[in-house]
Structures are given as structure tokens and as C-alpha cells.
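Under our numbering, the first residue of the sequence shown carries the number 229, and numbering increases by one thereafter.
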Amino acid sequence: MSTVRPRPEPSAVAAPPLEATVFRTRADEVYAQLKRDVAEFILVPGDRFTENEISERLGVSRTPVRQALFRLQQEGFVEVLFRSGWRVLPFDFEQFEQLYDLRMVLETTAVHRLCETDRHIDRGLLDTLADIWLAPAAQRSSDMAQVAQWDEAFHCALVAAAGNAEMARVHGDVTDRIRIIRRLDFTKQPRIDATYDEHAKILKAVRANRGDQAAMLLRAHIETSQAEVRKITLHQVHLARHAGKTPAPR
229 MSTVRPRPEP
239 SAVAAPPLEA
249 TVFRTRADEV
259 YAQLKRDVAE
269 FILVPGDRFT
279 ENEISERLGV
289 SRTPVRQALF
299 RLQQEGFVEV
309 LFRSGWRVLP
319 FDFEQFEQLY
329 DLRMVLETTA
339 VHRLCETDRH
349 IDRGLLDTLA
359 DIWLAPAAQR
369 SSDMAQVAQW
379 DEAFHCALVA
389 AAGNAEMARV
399 HGDVTDRIRI
409 IRRLDFTKQP
419 RIDATYDEHA
429 KILKAVRANR
439 GDQAAMLLRA
449 HIETSQAEVR
459 KITLHQVHLA
469 RHAGKTPAPR
């Protein structure tokens, strides 16, 4: 019954074992692992599986597996099938696009506020961003996982620095919900280079209090990333389905 693909060899940034994070429940760890499996196309949209198969693969009992699956069901990643296990749902690109639209509104509003001289903003956060994104080219990171984390932190920091806690909270929720596909934007070196260049331009515009320019640069940056992520996601799903194999490890 199962169409679950075999796990590729661990990459340089391997996920910790289920027992490694003692402050999480076993269900939390199973949830995190299954979400990674969806993100890495080990579980591909349309795949069917049972709780027993997941339990055996992860070496845990069915209870935390069931708890994790119900959580993923609430988030729209899987659905339960009557008497026949579970199924991975297709990516809801319309929902992702709506989330990107909301992200665009929040972030462009934030950079405009950062450029208003009469507002109290967190300059320390902006200085921290400068240490990473305005560094000389020779000091740039080529670690895809690291750059993906820094990219997310960059955008969150722009909103947080603007000083509206509720905006930051909503933006944090949006960030969490798009993370599963957003990280695909850092699978190729040209996209990493472009991210450094685009972040640097946005940050320089903000520091110069050029709100319109910063918002324009930010909008173009997000739109490019969004288009790239959608293209890569569709391609990776196609590769994962072809001949029943996972994409080559990145």
C-alpha cells in the first residue's frame, strides 16, 4: 500500500534523532520529522501510508504518530482516509500565494515605517542585519541551510524593528506557514548570491530612509522568490514521482 520513498543518505545538515531534543514530546518530534519528509519530498503529494508504517520507520509507538498526523491534518498537509490510512495532500498553491500577499503587505509597511524619522525603531536589529548582509563577498556563506535561516531572520527582523508587536506576531505566523516551501529558494548558488545582493540593496535603502525605494526593492525580491519556489516545488514533485524515486539529495 505504501508509496513512501526510501530516505536518502544524510546530508551535511542532518536532522537530529527523535530522542535528541529532550524538551520536546515524542509527538512533537514525529510531527517535525513528518513535516521534513513532506518538505524533502520523501512523502510526495498523493502518497498513501498507514500509522503502522510510520511507527515502524521511525521506531515509535502509534500514539505519537497519530497525534502528529492529526496536527498535520489541521495544517492541511495530510488527510485521513476511511479505513485505509492517510494521504499526503497536494500543495495548496492558492493558499501559499495568499500568504505571500499578506507577507508582502506586512513587510512593505514595515520598511516604510523604518524610514519615518519620527518613529522609534530598533536600530540594533538593523545593525545586526548589516553585519551579515553587508559583509564583503569573500565572507558570504554558501551553506544553503544557514542562508535559508538568515533569510527568514532578515525578513522577520525588518518587521520586528518597526516596533509593532502585533504586526510581528502575524508575520511570524505567516513565516511559519510558508517555511516548508520557502526554503527551496536556496538550493542553487545563484539564488544565494541574488539573495545577498537584494538584501543588501533593501537594507541600504532603509538605512538611508528611502521608504519608497526600500518597499519597491522588497516587493521585487519577494515576488522573484515566490516564483522561483513555485517552479522548484513543481519540478521536485515531478522528479519524486518519476519512477517512484526521491529527488537527488541536495
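Cβ atoms here follow ideal geometry from the backbone N, Cα and C, with glycine treated the same way. Predicted model only: the values in this text are computed from it and were never measured.
Check: Please classify LEU462: is it buried, with 16 or more other beta-carbons within 10 angstroms of its beta-carbon, or exposed?; Outcome: exposed
Check: Have a look at ASN280 and LEU309 and give me their C-alpha separation to the nearest angstrom.; Outcome: 14 Å
Check: Taking 8 Å as the threshold, find out whether the region 343-355 comes into contact with the region 451-462 through three or more Cβ pairs.; Outcome: no
Check: For GLY304, tell me which candidate among VAL316, ALA338 and ARG290 has the shortest Cα-Cα distance.; Outcome: VAL316
Check: So, THR336 versus ARG405, is the Cβ gap smaller than 8 Å?; Outcome: no
Check: I'd like to know whether the C-beta atoms of TRP361 and LEU431 end up nearer to each other than 8 Å.; Outcome: yes
Check: Is THR253 buried or exposed, if buried means 16 or more other CB atoms sit within 10 Å of its CB?; Outcome: exposed
Check: Cβ of LEU353 within 8 Å of Cβ of VAL402?; Outcome: no
Check: Give a yes or no on contact between the region 255-266 and the region 283-296, applying the rule of three or more CB pairs nearer than 8 Å.; Outcome: yes
Check: Among the residues of its own chain, which have a CB less than 6 Å from the CB of ARG341, if the five just before and after it don't count?; Outcome: ARG347 and ALA390
Check: Short of 8 Å in beta carbon distance, which residues of its chain neighbour LYS429, apart from the five on each side in sequence? Order them along the chain.; Outcome: LEU445
Check: Comparing C-alpha positions only, which one of ASP275, SER369 and ARG290 sits nearest to VAL306?; Outcome: ASP275
Check: Does the beta-carbon distance from ALA338 to LEU386 come in below 8 Å?; Outcome: yes
Check: Nearest to GLU426 by CA position, among GLY439, LEU286, SER453 and LEU262, is which residue?; Outcome: SER453
Check: Roughly how many whole angstroms lie between the Cα atoms of VAL266 and LYS416?; Outcome: 20 Å
Check: When you compare only the Cα positions, how much space is there between GLN377 and SER369?; Outcome: 12 Å
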